[in-house]
Amino acid sequence: MCSIRCVRATSSVPGLRAHAHPAGRSEVAQCGFPSPAQDYPTEELDLTARLIRDRVATYIWKAAGHSMEPVVPDGSMLIVDRGIAPAPGRIVVAIVDGEYTVKRLHVDNDGRVTLQAENPEYPDIELPELSEMTIWGVVTYIISPAT
Amino acid sequence: MPEPRSIALIDAESFYASCEAAFDPKLRGKPIVVLSNNDGCVVAANTLAKRIDPDIMFKPYFQIKNWALAKGVAVRSSNYELYGAVSNRISEIISRYSAWQEVYSVDESFVGLRGTPEELESIGHEIRRTVRQLTGVPVRVAIGATKSLAKVAAIGIKKAFAEIGVLNLARYDAAQMDRILDSIDVTDLWGVAGRSGKRLAAINIHTARELRDMDPKWARKRFKVNMERIVLELRGVPCIPLEMVPPAVKDQLIFSRSFAKKITTEPDMEQVISLYAQCVSARLRAQGSVAQHLSAWAATGWADTGTVSHSAQATVALPTPTDDPITLTKAARALLPKLFPVDGIRYARAGVVLTDLRQADGVQPLDLFRPEFEGRGVGQALDEINRKFATTAVGVGLGGIKTPPGWEMKRELLSPRCLTNWDELLVAAA
Chain A
1 MCSIRCVRAT SSVPGLRAHA HPAGRSEVAQ CGFPSPAQDY PTEELDLTAR LIRDRVATYI
61 WKAAGHSMEP VVPDGSMLIV DRGIAPAPGR IVVAIVDGEY TVKRLHVDND GRVTLQAENP
121 EYPDIELPEL SEMTIWGVVT YIISPAT
Chain B
1 MPEPRSIALI DAESFYASCE AAFDPKLRGK PIVVLSNNDG CVVAANTLAK RIDPDIMFKP
61 YFQIKNWALA KGVAVRSSNY ELYGAVSNRI SEIISRYSAW QEVYSVDESF VGLRGTPEEL
121 ESIGHEIRRT VRQLTGVPVR VAIGATKSLA KVAAIGIKKA FAEIGVLNLA RYDAAQMDRI
181 LDSIDVTDLW GVAGRSGKRL AAINIHTARE LRDMDPKWAR KRFKVNMERI VLELRGVPCI
241 PLEMVPPAVK DQLIFSRSFA KKITTEPDME QVISLYAQCV SARLRAQGSV AQHLSAWAAT
301 GWADTGTVSH SAQATVALPT PTDDPITLTK AARALLPKLF PVDGIRYARA GVVLTDLRQA
361 DGVQPLDLFR PEFEGRGVGQ ALDEINRKFA TTAVGVGLGG IKTPPGWEMK RELLSPRCLT
421 NWDELLVAAA
């Protein structure tokens with residue numbers, strides 16, 4: 001098994017809602033003394049429910065390259081949510097010249113949109129507009145193995 | 001008094017091609033065609049591709065290869081894993097808008113909606129926007145008082161409202177409805193097959209309006225109860241209910257395929273047949289049934305001049321109704337002695353068919369006849385492993401061979417199966 005390092009990819013946006021698991025609790029027939037734990041029913045932690053806000057809006061991607069290091073290590077897995085708005089400051093999957101790229105979305109005071117690399121060795125990219133055509137989805141988590 | 005329920009038909013525009021474009025930005029705004037199994041012929045094309053060649057559907061790939069290259073038409077193999085996953089997502093999104101939903105096909109759902117005509121149109125736009133936003137696939141929302149009228153609305157969208165994508169027939173008055181139904185050929189209606197179309201034409205019923213104005217009792221007498229229902233539905237009387245529960249257990253299960261490479265040896269065919277038996281047994285367990293009979297068959301290609309034309313078939317009555325993959329694999333091997341009666345046979349297709357299915361619960365086999373592995377949960381264990389790793393990660397007998405052999409389906413132009421396979425995830429340059 002590989003252990004994973006899991007990073008919340010967010011800046012200014014309020015926390016994600018963790019969904020309660022819909023499945024019912026299992027009832028076990030009891031003989032004799034009731035378990036003292038039965039008044040504290042609990043679900044075990046479910047990573048999928050924690051990381052995925054809405055199953056039908058969520059896609060799993062892979063990042064390839066070094067432009068977003070150290071925030072997004074080369075080869076990390078990205079949880080991408082298409083159901084939330086691409087607010088400035090968030091990491092997004094964008095489409096530039098027909099190619100997918102992962103960068104941090106920046107909008108300056110004049111409304112100019114740029115895709116910024118975390119790694120200073122890489123240039124920022126200017127985007128003509130902010131739309132469904134240019135922003136594919138918002139990265140909500142970055143998952144990479146512990147090294 | 002609540003508003004009467006309307007029916008919305010939600011269908012995806014050029015579904016396969018739209019799925020391809022949703023995950024590949026290079027395909028946006030481009031003509032796209034999708035090929036059948038084994039890259040045989042065109043089974044789907046988007047509007048742009050159909051505009052270049054209106055007769056593109058079902059043309060063999062080798063015939064259109066150069067045409068596609070010259071015209072800049074993107075060609076893809078069928079990515080069934082992707083289409084299936086996207087279809088499930090779309091159905092689930094739609095289900096959030098209505099408690100009544102019938103998933104009619106891979107790219108169509110009927111839902112019941114209540115509200116004023118304006119509210120319904122606005123829900124329609126909302127569904128269209130949400131599905132587009134979350135999946136990238138454009139859908140159309142066609143609304144009418146009945147299923148048949150929703151289908152009429154869908155024809156209307158294709159004809160005149162393609163850009164808007166939402167149409168509610170309730171916005172039209174009686175005279176306008178007459179004109180709309182007048183413009184629709186009766187054979188374009190839902191449920192009117194070509195043969196009934198001919199019989200209707202013989203009694204001078206050519207348009208949807210003429211059918212609507214037919215006496216329903218007479219329609220039932222001359223045709224069948226279905227025609228009476230269509231007549232009433234066109235008048236706005238709901239007769240065809242939403243089938244919200246998926247149809248009951250299938251009474252027959254088939255797993256058959258054409259091979260990318262012809263099979264000329266018995267060990268190769270044994271591997272194919274073993275694998276198919278396991279695939280079909282997995283489907284059987286998925287629907288919770290057991291089978292009494294298994295048939296396995298293999299045949300040469302009808303147009304293959306390089307082979308002796310031949311087909312072989314074997315049917316086995318199983319000792320007790322079962323879903324056990326080991327028993328089913330063993331039974332499928334009954335085909336082997338019937339193969340290759342003469343030299344020079346090249347098999348192009350094979351299949352395994354299970355018949356006489358019943359609910360697994362209802363069966364109480366005598367222990368005496370119980371297949372030896374059934375009680376040990378071998379089938380469930382195989383399903384579990386194959387789900388966790390990959391289809392055919394493990395299997396019984398020769399079906400368990402790991403490297404994909406030459407006869408697997410040919411899909412040379414396959415896009416990444418990015419929703420179902422860990423090693424084919426979408427990649428973003430960082």
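So the sequence lines, in the order shown, correspond to chains A and B.
Mapping of the first sequence onto the working numbering: residues 1 to 147, in sequence order.
Mapping of the second sequence onto the working numbering: residues 1 to 430, in sequence order.
We put the beta carbon where it would ideally sit given N, CA and C, even for glycine.
What residues match up with D11 of chain B in a beta bridge as DSSP calls it?
B:E108 and B:R140
Starting from E126 of chain A and walking both ways along the beta strand (DSSP E), at which residues does that stretch end?
I125 to L127
Taking only runs of the alpha helix (DSSP H) that begin and end inside the stretch 142-183 of chain B, which ones reach a length of at least 4 residues, in chain order?
147-160 and 174-182
Taking CB distances under 7 Å as the criterion, tell me whether Y194 of chain A reaches chain B.
Within the shown structure, residues of chain A are numbered from 1 to 147, placing residue 194 of chain A beyond reach of any answer.
If you compare alpha carbons, which of B:A142, B:A360, B:Y172 and B:S148 is closest to K158 of chain B?
Closest by alpha carbon: B:A142.
Using DSSP bridges, identify the partner residues of A299 of chain B.
B:S311 and B:R349
Flag this pair as yes or no: are the beta carbons of V107 of chain A and P88 of chain A separated by less than 7 Å?
yes
Tell me which residue opens and which closes the beta strand (DSSP E) that I61 of chain A is part of.
Here residue 61 of chain A is Trp; the residue named in the question, Ile, does not match the sequence. Taken as a continuous stretch (DSSP letters only), the beta strand (DSSP E) holding W61 of chain A covers T58 to A64.
With Q63 of chain B as the anchor, note down where its alpha helix (DSSP H) starts and where it stops.
Y61 to K71
With distances taken Cα to Cα, identify the nearest neighbour of R349 of chain B among B:V139, B:R358, B:R171 and B:I273.
Looking only at B:V139, B:R358, B:R171 and B:I273, the smallest Cα-Cα distance to R349 of chain B is reached by B:I273.
May I ask which residues mark the beginning and end of the alpha helix (DSSP H) holding Y80 of chain B?
Y80 to S95
Listed in chain order, which residues of the stretch 22-33 of chain B have Cβ atoms closer than 7 Å to some Cβ of chain A?
Hits within the stretch, in order: P25 and K26.
Is I52 of chain B closer than 7 Å to V56 of chain A when the C-beta atoms are compared?
With respect to the 7 Å criterion, V56 of chain A and I52 of chain B are not classified as neighbours on the basis of their beta carbons.
Leaving out the 5 sequence neighbours to the left and right, which residues in its chain are closer than 8 Å to S36 of chain B when beta-carbon positions are compared?
V42, V43 and S78
Measure the Cβ-Cβ separation of A291 of chain B and L354 of chain B and say whether it is below 7 Å.
Judged by their CB atoms, A291 of chain B and L354 of chain B are nearer to each other than the 7 Å cut-off.
Could you check whether the Cβ of A49 of chain A sits closer than 7 Å to any Cβ belonging to chain B?
no
Can you pull the chain A neighbours of R417 of chain B, defined as C-beta to C-beta under 7 Å?
In chain order: nothing, as chain A lies at least about 12 Å away.
Please return the same chain residues whose Cβ sits closer than 6 Å to the Cβ of A296 of chain B, not counting the five positions on each side in sequence.
I273, A314, A332, L335 and V352
Would you list, in chain order, the members of the stretch 77-94 of chain B that have their beta-carbon closer than 7 Å to a beta-carbon of chain A?
R89, E92 and I93
For D188 of chain B, collect the residues of the same chain with a Cβ closer than 7 Å to its Cβ; drop the 5 residues on either side in sequence, then sort them by chain order.
Cβ neighbours of D188 of chain B beyond the five flanking positions: I155.
Leaving out five residues before and five after R346 of chain B in sequence, what residues of the same chain have Cβ atoms less than 8 Å from its Cβ?
K262, I263, T264, T300, G301, D304, G306 and T307
Select from A:T58, A:S76 and A:I60 the residue whose C-alpha is nearest the C-alpha of H66 of chain A.
A:S76
Between N168 of chain B and the rest of its own chain, which residues show a CB-CB distance below 6 Å, the 5 nearest in sequence each way excluded?
So the qualifying residues of the chain are P117, L120, E121 and I143.
Does any residue of chain B bring its CB to less than 7 Å from the CB of I135 of chain A?
no
Have a look at A:M133, A:A146, A:L51 and A:R53 and flag the residue whose alpha-carbon is nearest the alpha-carbon of G98 of chain A.
It is A:M133 whose Cα lies nearest to the Cα of G98 of chain A.
Can you tell which of B:Y83, B:S311, B:V166 and B:P241 has its C-alpha closest to the C-alpha of T135 of chain B?
B:Y83
According to DSSP, is Y16 of chain B part of a helix, a strand, or is it coil?
If DSSP states are grouped into helix, strand and coil, Y16 of chain B belongs with the helices.
Can you say whether G327 of chain B is buried or exposed, counting buried as having 16 or more other CB atoms within 10 angstroms of its CB?
Note on identity: in this sequence residue 327 of chain B is Thr, with Gly being the wrong assignment. Per the 10 Å Cβ criterion, buried.
So, is G194 of chain B buried or exposed, given that buried needs 16 or more other C-beta atoms within 10 angstroms?
exposed
Any beta carbon of chain B sitting closer than 7 Å to that of R82 of chain A?
yes
Quick one, are the C-beta atoms of A63 of chain A and V96 of chain A less than 7 Å apart?
Contact: no.
Quick one: give me the first and last residue of the alpha helix (DSSP H) that K50 of chain B is part of.
T47 to I52
Closer than 8 Å between beta carbons: that is the criterion. Which residues of the stretch 59-77 of chain A meet it against chain B?
Y59, I60, W61, K62, A63, A64, G65, H66, S67, M68, E69, V72, D74 and M77
Of all the options B:P138, B:S105, B:A260 and B:S148, which has the alpha carbon lying nearest to the alpha carbon of A22 of chain B?
If we check each option's Cα against that of A22 of chain B, B:P138 comes out closest.
I'd like to check one pair, D323 of chain B with L294 of chain B: are the Cβ atoms closer than 7 Å?
no
What's the gap between the Cα of A208 of chain B and the Cα of T42 of chain A?
59 Å
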